[in-house]
Amino acid sequence: MEQLTGLDASFLYLDQKKAPMHIGSLCIYDPSTAPNGFVRFKDILKFVEERLPMAKTFRQKLARVPLGVDHPYWVEDDDFDLEFHVRHIALPEPGDWRQLCIQAARIFSRPLDMDRPLWEITVIEGLDNVEGVPKGSFAFVTKIHHAGIDGVSGVDIMNALHSITPEVTLPAEMPTWKPERRPTAPEMLLRGYVGALKNPFRWVDLIGRSVPGAARVVKGLIKKEFGMDALRKVPKTRLNQNISANRVFDGRTFPLADVKAIKDQMPGAKVNDVMLTVVGGALRKYLARHGEVHDDSLVALAPISVRSEGEANQMGNQVSGMSVQLGTHIADPRERFLAVYEGTQDSKALTNAMGARQISEVAKMAPALFTGLAARLYSEFGFANRMRPFFNTVVTNVPGPPIPIYSAGAKMVSFYGMLCLTDGLGLGHIVESYVGNIAVSFTACRKLMPDPEFYAECLEESFEELKEAMLGTAVAKKTGAKKSVAKKAGAKKVTARKAVSKKTPAKKSTAKKKVVTKKVASKKVAAKKAPAKKVAAKLDTAKAAETKKLKVAKSATEKTTAPKVETQPVVVAELPLGDNTPSTTPAKETKIA
């Protein structure tokens, strides 16, 4: 028996009929790789049943504390029914991508049964006319409640449902399922009251551990170790209102090699910076079509996992987050890319100073009754329609395997993530990587985004424009052209962006270099002129970028007189594919690469 933390339980309290708090995925499979060249539904049922012991989530359901005085518990389901959780439907002809997206969105919009283990898999066959997918393929639409998993533990669920070879084999050592006694109502009440008595002391301890982080934030702002972009006000858009119960879903896939080539044009940048820039460009195009022009950049929440090695097999969420600027107020893709890169550096420095794990601990300590009441009041009184949002959208990364994986012998061709929404958050993105490709998929409220196909086109156009802007210059230099693409007549001058374009001679000076900017015209909207501070060249070389990074890390760890904390948080480092999932190296403080 395992109790939900305050953060896990908050997803239960936020759960509404119009806003179910589950996350999921759309996985597409080619059955021709199976031993018999095809896969039947009963083969899938058998495959899943054999792997149930590999993840706790499959067989555990909620046990709620009487009167709601404490957070619920996870207990084993004695009446588990596999065929309730694994279902089977077929697409009508012609079985194309748009039909698949519509069906996936309908399935995803339906709430889970809260009296059973909180997951479902719907098998969809009849994918006969999906571009790039073999005829006769099938798909999984998975749904798992966010109270039980985060992005990292969700990968464990994916591992349980897949093998690395077409041959269906089980691991040498399989966990054995053992039913456990369900706690009685008096036992849960007693635990709840004991926990309530301990909470004030936990808060005192948490505040004591948070003081050094607050001091580092103040000192960092005074010394300008990170910019103020991370603290900017967030504009309100048509996507930040109360949502309906209906969903739309779509996505696009891009070659990972192209994304890495773009990243390499900016020393120190990550794949994640590239994808944030793509999302920023797409949102700019989409909102301009609908007549929205914002002088300030839209802001995305980027979840950060703080799960340590010792917490690898635990259910629930070990996650924090940081806000990142998307550069939606900048028309030029190159300028937007640099703005996003600099903004993420500031956000990482700020989050490191505060302590990512400390932010997560605050959410875990939230009282059960207060959290549930606050969530209901926020929705009932329509605060999302009256207040500025804390962020405009979510962009989260899900690391996928670099090699092909199989389910019941069928090879997975591609997969896309699906994200829960809530009032004030009508659009969410998931970036997924798999075997040489990287995809951006999005889930949105149908009332707020009635044209998902257009937004998918915006994502595609935004990527192509960024690719042309960044790699076009690189090709010109490589072929010995006299002038780079950025210096052609009528183009915006970006020579001050040392990290992006070729360095130009300048007189020695200790003062910041002046920058020449030029307004860039757009069919829909004139771009806002980049502020001088953002346009100024901050990174002369890759070495300078690394030096700045080291200085921030040093100031956040060495220059403090606070006593050492006996906990062992984890270093949060970006994976090769750009995901903010953790390494398993113990450290004194959580750091974001």
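Going by this note's numbering, the first residue of the sequence shown is number 574, and it counts up by one from there.
Glycine residues also receive a C-beta, built at the ideal position from the N, C-alpha and C atoms.
None of these values were measured; they are calculated from a predicted model.
Counting along the chain, ASN1010 sits inside the beta strand (DSSP E) bounded by residues 1010 to 1018. Between THR695 and GLY610, the alpha-carbon positions lie close to 21 Å from each other. As the crow flies, the alpha-carbon of ARG1019 is around 12 Å from that of ALA592. Per DSSP, reduced to three states, the secondary structure at PHE611 is coil, with no helix or strand assignment.
By the neighbour-count criterion, in which a residue is buried when 16 or more other Cβ atoms sit within 10 angstroms of its Cβ, VAL767 is exposed. Straight across, the Cα-Cα distance linking VAL897 with GLY853 is about 11 Å. Runs of the alpha helix (DSSP H) lying entirely within the segment 708 to 745, each at least 4 residues long, are 724 to 733 in chain order. With fewer than 16 other Cβ atoms from the protein chains shown falling within 10 Å of its own Cβ, PHE954 counts as exposed. With the rule of 3 Cβ pairs closer than 8 Å, the segment 712 to 719 counts as touching the segment 678 to 697. Beta-bridge analysis with DSSP links ARG825 to VAL1013. In this structure ALA983 does not touch ALA628 by the C-beta definition: roughly 20 Å separates them, more than the 8 Å allowed. Assignment of beta-bridge partners to GLU622 by DSSP yields no partner.
If you draw a 10 Å sphere on the C-beta of MET960, you find fewer than 16 other C-beta atoms in it, and that means exposed. In this structure, the beta-carbon distance from LEU899 to SER870 falls below 8 Å. Sequence-distant Cβ neighbours of SER1014 in its own chain, meaning closer than 6 Å and more than five residues away, are GLY824, TYR989, GLY990, ILE1003. ARG679 places its beta carbon 8 Å or farther from that of ASP650. In terms of Cβ geometry, ASN965 and ASN845 do not form a close pair [threshold 8 Å].
When DSSP reads this structure, GLY597 sits in a beta bridge with LYS716, MET991.
According to the DSSP assignment, VAL844 belongs to the alpha helix (DSSP H) that extends over 844 to 862.
In the DSSP assignment, the residues bridged to ILE662 are ILE697. The alpha carbon of TYR586 has as its nearest neighbour, out of ASP643, ASN813, LEU625, PHE614, the alpha carbon of ASP643.
Check the Cα spacing between LEU580 and each of MET594, GLN589, SER710, GLY1001: the tightest is with MET594. Per the coordinates, the alpha-carbon of ARG857 lies some 22 Å from the alpha-carbon of LYS843. GLU693 is classed as buried because its beta carbon has at least 16 other beta carbons within 10 Å across all chains shown.
Shown here for MET747: same chain residues with a beta carbon closer than 6 Å to its own, the five before and five after excluded, namely PRO626 in chain order. Here LYS806 carries a coil assignment [DSSP, helix/strand/coil]. Looking from the CA of PHE631, the closest CA among GLU1038, MET731, ILE903, GLY668 belongs to MET731. Short of 6 Å from the beta carbon of VAL847, and not among the five residues preceding or following it, lie these beta carbons of its own chain, in chain order: VAL832, ILE835, LYS836. In the structure shown, ILE978 adopts coil according to DSSP, grouped into three states. With respect to the 8 Å criterion, ALA818 and ARG907 are not classified as neighbours on the basis of their beta carbons. GLY955 sits in coil when the DSSP states are folded into three classes, being neither helix nor strand. Listed as beta-bridge partners of LYS984 by DSSP are ASP603, TYR979. In the structure shown, GLN898 adopts extended strand secondary structure according to DSSP, grouped into three states. Per DSSP, reduced to three states, the secondary structure at GLN633 is strand. Minimum Cα-Cα distance from PRO975 among the listed residues LEU992, LEU635, ARG660, VAL1008 corresponds to VAL1008.
Partner residues in the beta bridge of GLN576, as assigned by DSSP, are TYR646.
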